[in-house]
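For the protein sequence lines, the chains are L and U, in the order given.
Residue 8 in full-length UniProt numbering sits at position 8 of the first sequence, with consecutive numbering throughout.
Residue 671 in full-length UniProt numbering sits at position 671 of the second sequence, with consecutive numbering throughout.
Glycine residues also receive a C-beta, built at the ideal position from the N, C-alpha and C atoms.
As the structure is a prediction and not an experimental result, all values here were calculated from the model.
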Amino acid sequence: MLQSISHNSVGKSDVVAFKLADQDFCIDIGLVREIRGWTPTTVLPHAPDYVKGVINLRGAVVTVVDLSARLGFGPADPSPRHVVIIAMHAGRVVGLLADLVSDIVTVNDEHMQSVPDLASDPSREFISGMITFDDGRILRKIDLEQLLPASQGGEA
Amino acid sequence: MSDLDEFRDMFFVECDELLEVLATGLRRMEDPLSDKETVHGVFRAVHSIKGGAAAFALTELVTFAHRFETVLDQVRSDRLKATSQVMSVMHRCSDCLSDLVSAARQQRSPDPQKSAVLLVELEGLLAPEEEAPADFGFVPITIALEEPDSTEFGEIYNIRFTPHADLYRSGNEPAALLNALRKLGEATVQIDSASIPPLKDWSAEEPSLSWQVELSHSGSKDEIATVFDFVEDCCELSIERKAAEMHPALDQAPLDMEAPTKAAPTDEGAATPSTAEGTPSARDGAAGATIRVSLDRVDRLMNMIGEMVIKEAMLSQVIRTASLNEDPDVSAGLDAIRQLAGDIQESVMAIRAQPLKLVFQRMHRIARETSDATGKPVRMVTLGEQTEVDKTVIERLVDPLTHMIRNSIDHGLEDALTRQRRGKPQEGTITLSAAHRSGRVQIEVSDDGGGIDRARVRQIAEEKGLIAPGLALTPAEIDQLLFLPGFSSKQEVSALSGRGVGLDVVRREIMALGGRVMINSVEGKGTTFSIALPLTLAVLEGMLIQLGDQTMVLPITAVQETLRPSASMLHSVGQSGRLLASRGELIPVIDLSGVFGLPRTELEADDGILIVVETDSQRRAAFRVDAIFDQRQVVIKSLEQNYGRVPGVSAATILGDGKIALIIDPEEIVLSSSSDHNRAAMVRAANG
Chain L
1 MLQSISHNSV GKSDVVAFKL ADQDFCIDIG LVREIRGWTP TTVLPHAPDY VKGVINLRGA
61 VVTVVDLSAR LGFGPADPSP RHVVIIAMHA GRVVGLLADL VSDIVTVNDE HMQSVPDLAS
121 DPSREFISGM ITFDDGRILR KIDLEQLLPA SQGGEA
Chain U
1 MSDLDEFRDM FFVECDELLE VLATGLRRME DPLSDKETVH GVFRAVHSIK GGAAAFALTE
61 LVTFAHRFET VLDQVRSDRL KATSQVMSVM HRCSDCLSDL VSAARQQRSP DPQKSAVLLV
121 ELEGLLAPEE EAPADFGFVP ITIALEEPDS TEFGEIYNIR FTPHADLYRS GNEPAALLNA
181 LRKLGEATVQ IDSASIPPLK DWSAEEPSLS WQVELSHSGS KDEIATVFDF VEDCCELSIE
241 RKAAEMHPAL DQAPLDMEAP TKAAPTDEGA ATPSTAEGTP SARDGAAGAT IRVSLDRVDR
301 LMNMIGEMVI KEAMLSQVIR TASLNEDPDV SAGLDAIRQL AGDIQESVMA IRAQPLKLVF
361 QRMHRIARET SDATGKPVRM VTLGEQTEVD KTVIERLVDP LTHMIRNSID HGLEDALTRQ
421 RRGKPQEGTI TLSAAHRSGR VQIEVSDDGG GIDRARVRQI AEEKGLIAPG LALTPAEIDQ
481 LLFLPGFSSK QEVSALSGRG VGLDVVRREI MALGGRVMIN SVEGKGTTFS IALPLTLAVL
541 EGMLIQLGDQ TMVLPITAVQ ETLRPSASML HSVGQSGRLL ASRGELIPVI DLSGVFGLPR
601 TELEADDGIL IVVETDSQRR AAFRVDAIFD QRQVVIKSLE QNYGRVPGVS AATILGDGKI
661 ALIIDPEEIV LSSSSDHNRA AMVRAANG
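Following this line, the structure appears as structure tokens:
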């Protein structure tokens with residue numbers, strides 16, 4: 001796995017921030033391979049509703065996960081303005097459908113907080129931490145491992 | 001150091017080949033008609049392993065190989081008869097040797113117990129008076145290894161070097177070699193011109209010079225040998241330490257590790273000729289016309305060709321869209337490219353193809369071990385070993401086949417007593433065969449046991465709650481129960497085949513390879529498991545079909561015919577069931593849109609096109625699709641890697657327009673569309 005690149009100092013890391021249903025989320029930059037515009041997917045039969053389908057990424061078959069649906073905001077209606085963040089986790093490549101990518105942010109570890117107990121909101125289990133900023137903004141850090149659909153059918 | 005690692009890797013690759021030669025040879029030796037050359041081949045294989053192992057200081061391996069070799073030598077020289085008892089020990093030795101090799105490869109210490117037992121058995125086979133010279137022959141090689149430590153002060157080596165014509169022909173220069181020797185220490189070089197013929201017989205092509213070098217060298221003999229590394233095939237070479245304080249036999253240790261030698265060379269003459277005689281035959285197979293290429297490179301090539309096939313499809317689509325395909329030059333050029341792409345692809349696939357022998361070989365051992373463990377005497381027959389399949393397929397076949405062989409012996413064959421009672425030979429026969437069949441490879445594991453006890457299978461499935469009691473099942477369906485997860489028909493879990501995993505794992509692994517497992521069992525006669533595998537995991541000839549707004553690919557191997565049925569050919573059964581009457585046969589119609597949960601098209605079911613498919617298990621069905629586009633080669637891309645299995649879909653591919661299309665798995669669809677829901681669920685469960 002890639003290490004978080006480009007931070008020379010200890011205790012800092014870079015994240016890619018993106019918007020989803022007017023909330024700010026982020027993902028560790030080391031996991032991100034590329035960001036591309038939405039293109040129509042090939043629908044997978046019998047897939048969970050948050051799996052948009054698969055796209056061709058230079059010859060590889062990549063699953064696109066609708067983050068909006070996964071986090072409980074309801075299914076997205078993607079347009080060419082939507083983005084797909086191609087991320088790699090544990091050897092699997094996955095595309096994350098988001099509204100737009102806003103920024104690359106360097107965060108201090110001290111600004112990272114654990115998620116307060118949010119009772120049973122579906123998004124809770126996919127967020128590994130909250131990053132607070134002095135201006136009051138909050139980034140919700142996505143836990144890619146929880147997010148990905150477990151291998152479908154058998155252990156494949 | 002990295003050089004050494006490389007040599008090490010090479011040694012192990014060679015070991016694999018040699019072990020194979022050994023195993024094949026041993027089996028051939030059991031054939032009463034086998035000739036002496038077989039024994040020689042076996043002996044050479046063991047000897048070469050020993051030689052290589054000594055170079056890497058793999059002591060256990062050397063010790064074992066040596067003792068094994070000694071016994072073989074006795075067989076070779078007719079001092080020991082190759083009785084079946086002897087052969088059985090030898091087979092086990094061959095297994096043990098391969099264990100030792102893999103232990104050495106993984107740099108772990110082997111299980112000393114096993115080899116110790118065999119060493120004793122081997123010793124038992126030896127005629128007592130032969131032991132001494134045998135050990136004698138063994139000593140030199142180990143000591144040769146320790147030499148670097150023991151020769152601090154420099155030893156005097158006598159090197160005799162006689163180049164053959166080949167050495168000159170390949171552009172090597174004796175002077176350069178001699179100079180290299182001089183770098184190792186002080187050298188006195190003498191030319192031996194005694195064998196130069198008189199001028200009238202002299203031929204410019206035939207070299208007749210040899211050199212005698214006296215070298216004072218502080219390193220090991222191997223260091224000297226490295227100088228001649230590249231020419232050892234085309235010269236006669238002997239390197240001897242000038243004997244004084246050491247054991248005289250040390251001097252005669254032949255240098256060429258690959259050359260077979262007599263167990264105990266007694267004079268200088270013995271070592272050299274045997275080098276000359278053994279080397280060519282040992283190398284013929286390997287050096288002649290083959291190279292070793294790392295699989296990575298071939299894979300990369302394969303991937304690129306895959307991309308090329310896609311690009312070619314893309315290009316022809318663009319050309320068609322631009323209506324340029326009317327131009328004969330364009331279409332001719334395009335055809336030529338397509339042809340070439342196909343040819344290249346085939347050639348690369350041929351590179352990747354390997355004979356199934358590589359796997360079958362290992363199965364003999366599995367059969368032997370299982371036979372020992374179960375106490376059932378087993379004869380294993382392999383047929384069609386030369387059938388070639390893709391290398392990846394071969395590797396991934398080992399586990400399922402191992403399991404099936406064990407299963408056939410453990411569960412399939414009756415014990416010797418029962419067999420006797422039933423009038424069968426006590427020794428059970430397991431046949432492992434392979435053949436190409438219409439674009440696929442068919443592998444069969446058959447036993448001549450009692451066949452599947454269907455009543456018992458059914459009872460177990462019911463007891464375990466796998467099926468509802470009293471379910472009407474055909475015999476073939478009962479056989480399928482064996483593939484259910486959690487099914488094990490053995491009363492108690494046996495050490496061999498019952499490790500909590502059953503045939504369901506076999507089926508899953510075969511399915512992951514794009515293959516199928518089928519059972520055919522005749523009560524009292526035996527059971528045959530057949531595996532049908534695709535030739536390659538890379539490319540597939542497919543029919544592009546339309547379902548709603550999706551394009552999908554149906555493997556052409558399954559397609560029998562396509563038709564636009566008239567109303568009179570279709571018959572409704574009940575609410576939704578439909579049958580197609582085709583040539584007097586009634587075939588169930590399956591609406592693929594429905595299977596994949598795609599939005600139904602407005603069209604009446606009758607308006608679609610029907611594709612009649614026959615699956616590997618000889619089931620037929622008619623798939624209803626909206627349209628058929630094209631037939632073309634598609635490159636198979638794994639869905640499971642980044643996503644997981646999708647029911648009814650075997651893989652994905654990329655179309656000319658860059659979109660992904662799913663490749664349909666007809667067998668799974670036909671099975672899961674079976675009318676009985678209970679059964680369909682069972683199939684789905686079995687398919688993981």
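Check: Ala55 of chain U versus Glu69 of chain U - alpha carbon distance; Outcome: 17 Å
Check: Chain-order list of residues whose beta-carbon lies under 7 Å from that of Glu205 of chain U (same chain, five-residue window excluded); Outcome: Ala165
Check: Buried or exposed by the 16-neighbour rule on C-beta atoms within 10 Å, applied to Val51 of chain L; Outcome: buried
Check: Stretch pair the region 381-400 of chain U + the region 346-361 of chain U: three plus CB contacts closer than 8 Å; Outcome: yes
Check: Within 9 Å of chain L by C-beta, residues of the region 637-650 of chain U in sequence order; Outcome: Lys637, Ser638, Leu639, Glu640, Gln641, Asn642, Tyr643, Gly644, Arg645, Val646, Pro647, Gly648 and Val649
Check: Cβ shell of Arg36 of chain L (< 6 Å), same chain only, five flanking positions each side left out; Outcome: Val84
Check: Chain L residues whose Cβ lies nearer than 7 Å to that of Phe596 of chain U; Outcome: Pro45
Check: Test item: CB-CB of Pro80 of chain L and Leu97 of chain L under 8 Å; Outcome: no
Check: Backbone CA spacing between Met87 of chain U and Glu121 of chain U [nearest angstrom]; Outcome: 12 Å
Check: Reduced DSSP secondary structure (H/G/I, E/B, other) of Lys659 of chain U; Outcome: coil
Check: Beta-carbon proximity list for Leu655 of chain U, same chain, < 6 Å, skipping 5 on both sides; Outcome: Ala661
Check: CB contact flag (Val231 of chain U, Leu167 of chain U, <8 Å); Outcome: yes
Check: Chain L contacts made by the region 534-559 of chain U, where a contact means CB separation under 7 Å; Outcome: Gln550
Check: Same chain only: Cβ atoms within 8 Å of Val62 of chain L, ignoring 5 sequence neighbours per side; Outcome: Val54, Ile55, Asn56, Ile86, Val93, Val94 and Gly95
Check: Leu383 of chain U - containing alpha helix (DSSP H), residue span; Outcome: Leu383 of chain U -> not in any alpha helix (DSSP H); beta strand (DSSP E) instead, spanning Val378 to Leu383.
Check: Cβ neighbour criterion (16 or more within 10 Å) applied to Asp390 of chain U; Outcome: buried
Check: Neighbour list for Ile319 of chain U in chain L, Cβ cutoff strictly below 7 Å; Outcome: The premise fails here: Ile319 of chain U is roughly 21 Å from chain L at the closest Cβ pair, so nothing lies under 7 Å.
Check: Inter-residue CB distance, Val612 of chain U and Glu561 of chain U (contact presumed, cutoff 8 Å); Outcome: 5 Å
Check: Spatial neighbours of Ile394 of chain U in its chain, beta-carbon cut-off 7 Å, leaving aside the 5 residues before and after; Outcome: Gln354, Leu356, Leu358 and Val359
Check: Local conformation of Thr151 of chain U per DSSP, three classes; Outcome: Low local confidence applies: a pLDDT of 41 at Thr151 of chain U is under 50, so the model's placement there is unreliable, and no value is given.
Check: Val43 of chain L in three-state terms, based on DSSP; Outcome: coil
Check: Contacts around Leu540 of chain U, its chain only, beta-carbon distance under 6 Å, and the 5 residues preceding and following it disregarded; Outcome: Pro555, Val634 and Ile636
Check: Contact set for Asn108 of chain L: own chain, Cβ-Cβ below 8 Å, skip 5 residues either direction; Outcome: Gly11 and Lys12
Check: Listed by chain order, chain L residues near Ala652 of chain U by CB distance under 7 Å; Outcome: Val54 and Val61
Check: Bridge partners - Thr38 of chain U, DSSP secondary structure assignment; Outcome: The partner list for Thr38 of chain U (beta bridge, DSSP) is empty, contrary to what the question assumes.
Check: Three or more C-beta pairs below 8 Å linking the region 366-376 of chain U and the region 332-345 of chain U; Outcome: no
Check: Extent of the continuous alpha helix (DSSP H) to which Gly342 of chain U belongs; Outcome: Pro328 to Arg352
Check: Euclidean distance between Cα positions of Lys36 of chain U and Val75 of chain U; Outcome: 10 Å
Check: Identified DSSP bridge partners for Thr653 of chain U; Outcome: U:Ala661
Check: Near-chain U residues of the region 62-93 of chain L (beta-carbon distance less than 9 Å), N- to C-terminal order; Outcome: Val62, Thr63, Gly91, Arg92 and Val93
Check: Coarse secondary structure for Gln107 of chain U, derived from DSSP in three states; Outcome: coil
Check: Within-8 Å CB hit, Ala621 of chain U to chain L; Outcome: no
Check: Residues near Arg620 of chain U in its chain [Cβ-Cβ closer than 6 Å; skip 5 each side]; Outcome: Ile587 and Glu614
Check: DSSP state of His164 of chain U mapped onto helix, strand, coil; Outcome: coil
Check: Simplified DSSP state of Ala532 of chain U, which is helix, strand or coil; Outcome: strand
Check: At least three beta-carbon pairs within less than 8 Å, the region 187-196 of chain U to the region 208-219 of chain U; Outcome: yes
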